[in-house]
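Taken in order, the sequence shown gives residues 5 to 232; the numbers are from the numbering used here. A short worksheet on the structure shown next.
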Amino acid sequence: MGIQLEKKQKIHRMVHKACLFDLDGVLVDTAIYHFQAWKNLGKNFDYELSEEQNEELKGVSRVASLDRILFWANKEASQAEKNAWLIEKNENYLALISHMNPSEILPGVLDFLKQVKELGYLIALGSASKNAEIILQKTGLISWFDAIIDGNHVQKSKPDPEVFLKGAEALKVSPEACIVFEDASAGVEAAKRAGMKAIGIGDPIVLEEADKVIPSFSGVQAVNLLLF
Ligand code: BG6
Ligand code: MG
Numbered sequence: 005m006g007i008q009l010e011k012k013q014k015i016h017r018m019v020h021k022a023c024l025f026d027l028d029g030v031l032v033d034t035a036i037y038h039f040q041a042w043k044n045l046g047k048n049f050d051y052e053l054s055e056e057q058n059e060e061l062k063g064v065s066r067v068a069s070l071d072r073i074l075f076w077a078n079k080e081a082s083q084a085e086k087n088a089w090l091i092e093k094n095e096n097y098l099a100l101i102s103h104m105n106p107s108e109i110l111p112g113v114l115d116f117l118k119q120v121k122e123l124g125y126l127i128a129l130g131s132a133s134k135n136a137e138i139i140l141q142k143t144g145l146i147s148w149f150d151a152i153i154d155g156n157h158v159q160k161s162k163p164d165p166e167v168f169l170k171g172a173e174a175l176k177v178s179p180e181a182c183i184v185f186e187d188a189s190a191g192v193e194a195a196k197r198a199g200m201k202a203i204g205i206g207d208p209i210v211l212e213e214a215d216k217v218i219p220s221f222s223g224v225q226a227v228n229l230l231l232f
């Protein structure tokens, strides 16, 4: 290993210790499957979800997403109906993701994870999804993670910082030593409220609260990106 790289690794270890990744839209593009499943569900009450509305559902939990869709559709529903629809949506989503494989990992992600490990960072997942582990298994991403915090482990969804604070706790590092990667503005807000650095993946206008924004992981040099 070159002396320069060794030096940079030391600097990285002193400043930040962990990288916390959102899943949907950051590591894999599951938004298309969520969109399809919600659109299918909307047929129950003759509602056609638009792409713009689907954008607003990024990072939002399943229960909160249904509430928003019912609000947009101006549809009243009993708790029993809502519960049945939540099950229907998820069964549909599970069928759609059942064929996922490593080819659906977003460009540059594997190389970036490798660089981050080599720089000595711990890696955790901080996702709102209750299906995160299935997706990590199917894509083979699971072996990269030192801790996994997902929708099954939290009470409050993003923008509440709970998911990232639990990630830091699981890794035994302080929040200030964490860098979060997020594609949703609710996720960036959660990271900032947790006292962490936030790197947005996507549109700088949507993710204006982030400390830095990159369009994707493609060709990204971790050694430069992670120094603040
Ligand atoms: C987030 C997605 O990661 O997880 C949302 O961006 C989704 O679109 C949420 O609603 C919950 O996912 P799941 O798999 O528990 O329904
Ligand atoms: Mg996301």
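Glycine is no exception: its CB is placed at the ideal position from the N, C-alpha and C atoms. None of the values given here were measured: they were computed from a predicted structure.
9 Å Cβ cutoff met for residue i and residue j
i	j	result
residue 195	residue 61	no
residue 155	residue 128	no
residue 27	residue 139	yes
residue 193	residue 162	yes
residue 94	residue 72	no
residue 189	residue 63	yes
residue 198	residue 168	yes
residue 130	residue 184	yes
residue 119	residue 226	yes
residue 203	residue 174	no
residue 230	residue 20	yes
residue 220	residue 110	yes
residue 206	residue 217	yes
Near the ligand MG: residue i beta-carbon under 8 Å from a heavy atom
i	result
residue 202	no
residue 27	yes
residue 154	no
residue 207	no
residue 30	yes
residue 195	no
residue 77	no
residue 188	yes
residue 112	no
residue 134	no
Candidates the options, of which the one nearest residue i by Cα
i	options	result
residue 107	90, 32, 232 and 211	32
residue 165	182, 149 and 150	182
residue 105	34, 116 and 57	34
residue 36	126, 22 and 54	54
residue 146	117, 69 and 208	117
residue 90	115, 75, 68 and 103	68
residue 124	22, 232 and 8	22
residue 144	159, 103, 157 and 126	103
residue 4	10, 87, 92 and 157	Because residue 4 is not part of the residues shown, which for the chain are 5 to 232, the question remains open.
Residue i CB to nearest heavy atom of the ligand BG6 below 8 Å
i	result
residue 157	no
residue 74	no
query: Touch check for the segment 90 to 103 and the segment 131 to 138: three-plus C-beta pairs under 8 Å?
result: With a cut-off of 8 Å, the segment 131 to 138 and the segment 90 to 103 count as touching, because enough Cβ pairs lie within range.
message: Quick test of the definition: if touching needs 3 or more C-beta pairs under 8 Å, does the segment 69 to 82 touch the segment 46 to 59?
response: The segment 69 to 82 is in contact with the segment 46 to 59.
Completely contained alpha helix (DSSP H) runs for the segment 105 to 149, where each covers 4 or more residues: With a minimum length of 4 residues, the continuous alpha helix (DSSP H) runs that stay inside the segment 105 to 149 are 113 to 122 and 136 to 143.
message: As an exercise, report each continuous alpha helix (DSSP H) stretch of at least 4 residues that is fully enclosed by the segment 77 to 106, in chain order.
response: As far as the segment 77 to 106 is concerned, its whole alpha helix (DSSP H) runs of at least 4 residues are 83 to 101.
message: Which complete alpha helix (DSSP H) runs does the segment 170 to 213 hold, if anything under 4 residues is left out?
response: If we require 4 residues or more, the alpha helix (DSSP H) runs fully inside the segment 170 to 213 come out as 189 to 197.
field: alpha helix (DSSP H) runs contained entirely in the segment 30 to 71, provided each spans 4 or more residues
entry: Listed in chain order, they are 35 to 46 and 55 to 60.
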